[in-house]
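Okay, so here's the structure we're looking at.
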Amino acid sequence: MKYRTFPKTGEKISLLGFGTMRLPVEKKGQSARINETEAIRMIRTAIDRGVNYVDTAYTYHDGFSEVVLGKALKDGYREKVFIADKMPVWILKEDGDPEKIFDEQLKRLDVDCIDMYLVHNVTAPLWKRALKYNILELLEKKKAEGKVKHIGFSFHDNFEFFKEVIEAYPWDFCQIQLNYMDADFQAGVKGLKFAGSKGIPVIIMEPLKGGKLTDILPPSIEDFWAQAPIKRTPAEWALRWIANFPEVLVILSGMTSIEQVDENIRVLSKADPNSLTEAELEIINNVAAEYNKLIKYSCTGCEYCIPCPEKISIPAIIGFYNDWHLYHESPKVKVDFKTWISPKALPSVCKSCKICEGRCPQQLPISDIMKKSQSIFE
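Under the working numbering, the first residue of the sequence shown carries the number 59, and numbering increases by one thereafter.
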């Protein structure tokens with residue numbers, strides 16, 4: 059396993075991090091029913107083979123991710139890893155909720171300290187809520203009590219806001235979504251470089267775009283990979299692209315099977331920064347460009363279409379609609395849709411007022427897209 063240095067302490071952290079958002083389940087579609095035996099076997103196998111960073115969150119698997127991870131870290135495994143967990147700002151209702159949730163997380167994990175603690179899913183509205191509920195003050199208190207070691211945040215907004223959040227607090231680390239399809243999405247490569255310039259190490263999530271870059275490949279994408287002089291799996295290309303950036307500290311992968319554990323360890327045991335050739339990077343860029351050609355509607359995520367009177371997250375739904383076609387109707391797109399789209403803001407809520415269409419710089423037929431999305435996802 060390759061390791062990178064956590065600059066604040068000089069500790070060595072495995073390049074591969076085990077994400078516990080997609081653990082194996084006993085019955086498809088029932089997230090809370092984790093196959094504990096297999097999940098624990100996977101986590102311990104990864105640790106035995108050198109992985110020392112495990113990531114969970116209060117909401118993953120309806121709260122049971124933390125519980126199963128806690129069980130996996132018995133028998134001496136706790137001492138071998140850095141645990142990352144997160145504060146779900148969006149569910150807070152009262153002033154005392156953050157501390158209650160934090161205490162519940164310690165109980166679920168059955169530990170007395172969380173190494174890497176993040177403000178979860180930071181967007182402009184949720185950042186305001188984090189400040190309203192004094193989350194940073196709470197985490198500093200927990201740090202003084204020895205219950206948190208390092209404070210960070212995970213991010214899902216644009217680059218300009220990313221810079222604002224980075225400069226708002228002396229963060230120990232941060233976490234962003236990044237893969238070769240999302241190089242210019244949200245914080246993107248620019249955000250990675252900006253954080254690096256500030257000496258803030260970056261954790262990467264969604265390096266395989268939830269598995270959609272590896273599961274079902276359009277024929278034209280397969281043709282591009284076939285042109286590469288060195289043959290690699292789609293997962294290897296995607297992971298090596300991330301590992302090529304020296305600013306990256308950890309690459310998280312949400313693993314569902316022991317085969318995925320084996321593959322990720324194999325790939326990231328030989329991935330060094332700045333190791334891809336110009337020719338290899340060009341192939342990856344061509345693959346990304348081809349994927350982008352296959353997108354049905356060229357929404358740029360500018361958000362001119364919102365706020366919607368019905369509170370529909372229009373760019374997100376268009377993104378899922380594009381993914382459905384782009385990834386050959388992968389079932390994972392429907393899973394992600396149900397995870398991220400509120401039941402109160404489904405496409406069927408759209409009243410075709412077309413206010414959004416008058417604002418859209420791309421002149422997209424948004425009301426029609428909502429109807430098409432309803433037929434797919436609802």
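Ideal Cβ placement from N, Cα and C applies to all residues, glycine included.
Remember, predicted model here, so these are calculated numbers, not experimental data.
Three-state secondary structure assigned by DSSP to residue i
{"i": "N179", "result": "strand"}
{"i": "C414", "result": "helix"}
{"i": "S431", "result": "helix"}
{"i": "F243", "result": "coil"}
{"i": "L384", "result": "helix"}
{"i": "V83", "result": "strand"}
{"i": "I353", "result": "coil"}
{"i": "S406", "result": "helix"}
{"i": "P331", "result": "coil"}
{"i": "N302", "result": "coil"}
{"i": "E338", "result": "helix"}
{"i": "I424", "result": "helix"}
{"i": "Y379", "result": "helix"}
{"i": "Y116", "result": "coil"}
{"i": "P389", "result": "helix"}
{"i": "M59", "result": "coil"}
{"i": "P365", "result": "coil"}
{"i": "I399", "result": "coil"}
{"i": "E436", "result": "coil"}
Cβ-based burial, residue i [other Cβ within 10 Å; buried from 16]
{"i": "I141", "result": "buried"}
{"i": "P423", "result": "exposed"}
{"i": "T114", "result": "buried"}
{"i": "N380", "result": "buried"}
{"i": "I288", "result": "exposed"}
{"i": "K270", "result": "buried"}
{"i": "D242", "result": "exposed"}
{"i": "G312", "result": "buried"}
{"i": "D120", "result": "exposed"}
{"i": "D394", "result": "buried"}
{"i": "S212", "result": "buried"}
{"i": "T272", "result": "buried"}
{"i": "E387", "result": "exposed"}
{"i": "S161", "result": "What sits at residue 161 in the sequence shown is Asp, not Ser. Exposed is the call here."}
{"i": "K328", "result": "exposed"}
{"i": "E152", "result": "exposed"}
{"i": "A104", "result": "buried"}
{"i": "G128", "result": "buried"}
{"i": "T78", "result": "buried"}
{"i": "S410", "result": "exposed"}
{"i": "P228", "result": "exposed"}
{"i": "K144", "result": "buried"}
{"i": "W50", "result": "Past the boundaries of the shown model lies residue 50; the chain is included only from 59 to 436, so the question cannot be answered."}
{"i": "K200", "result": "buried"}
{"i": "D215", "result": "buried"}
{"i": "K256", "result": "exposed"}
{"i": "W148", "result": "exposed"}
{"i": "A226", "result": "exposed"}
{"i": "A90", "result": "exposed"}
{"i": "A301", "result": "buried"}
{"i": "Q421", "result": "exposed"}
{"i": "P163", "result": "Per the sequence shown, residue 163 should be read as Gln rather than Pro. So Q163 counts as buried."}
Per DSSP, the bridge partner or partners of residue i
{"i": "Q318", "result": "In the DSSP output, where bridge partners are listed per residue, Q318 has none listed."}
{"i": "S371", "result": "According to DSSP, S371 bridges with nothing at all."}
{"i": "E69", "result": "F64"}
{"i": "S212", "result": "Q233"}
{"i": "L74", "result": "I309"}
{"i": "Y111", "result": "F140"}
{"i": "V206", "result": "I172"}
{"i": "I92", "result": "V83"}
Contact test: residue i Cβ vs the ligand NAD heavy atom, cutoff 6 angstroms
{"i": "S89", "result": "Ligands are entirely absent from the displayed structure, and the ligand NAD is therefore not among its contents."}
If you pair each beta-carbon of the stretch 340 to 354 with each one of the stretch 270 to 279, do three or more pairs fall below 8 angstroms?
Contact holds: three or more Cβ-Cβ distances are below 8 angstroms.
List in chain order: all unbroken alpha helix (DSSP H) runs of 4+ residues lying wholly within the stretch 122 to 197.
Runs of the alpha helix (DSSP H) inside the stretch 122 to 197: 122 to 130, 155 to 167 and 182 to 190.
Would the stretch 390 to 404 and the stretch 352 to 365 be scored as touching if the rule is three or more Cβ pairs under 8 angstroms?
No contact exists between the stretch 390 to 404 and the stretch 352 to 365.
Run through the stretch 219 to 298 for me and flag every whole beta strand (DSSP E) of 3 or more residues, listed as ranges in chain order.
The DSSP assignment places complete beta strand (DSSP E) segments of no fewer than 3 residues inside the stretch 219 to 298 at 231 to 235 and 260 to 263, in order along the chain.
Taking contact to mean 3 or more Cβ pairs, one atom from each stretch, closer than 8 angstroms, check whether the stretch 242 to 260 and the stretch 310 to 325 are in contact.
Flag = no, the stretch 242 to 260 and the stretch 310 to 325 do not touch.
Please determine if the stretch 231 to 240 and the stretch 298 to 310 are in contact, where contact requires at least 3 C-beta pairs separated by less than 8 angstroms.
yes
Would the stretch 85 to 97 and the stretch 179 to 190 be scored as touching if the rule is three or more Cβ pairs under 8 angstroms?
no
Check whether the stretch 329 to 337 touches the stretch 369 to 376, counting contact only when three or more Cβ pairs, one atom from each stretch, lie closer than 8 angstroms.
no
Between the stretch 92 to 99 and the stretch 60 to 69, can you find at least three pairs of beta-carbon atoms closer than 8 angstroms?
The stretch 60 to 69, when compared against the stretch 92 to 99, does not touch it at the 8 angstroms Cβ threshold.
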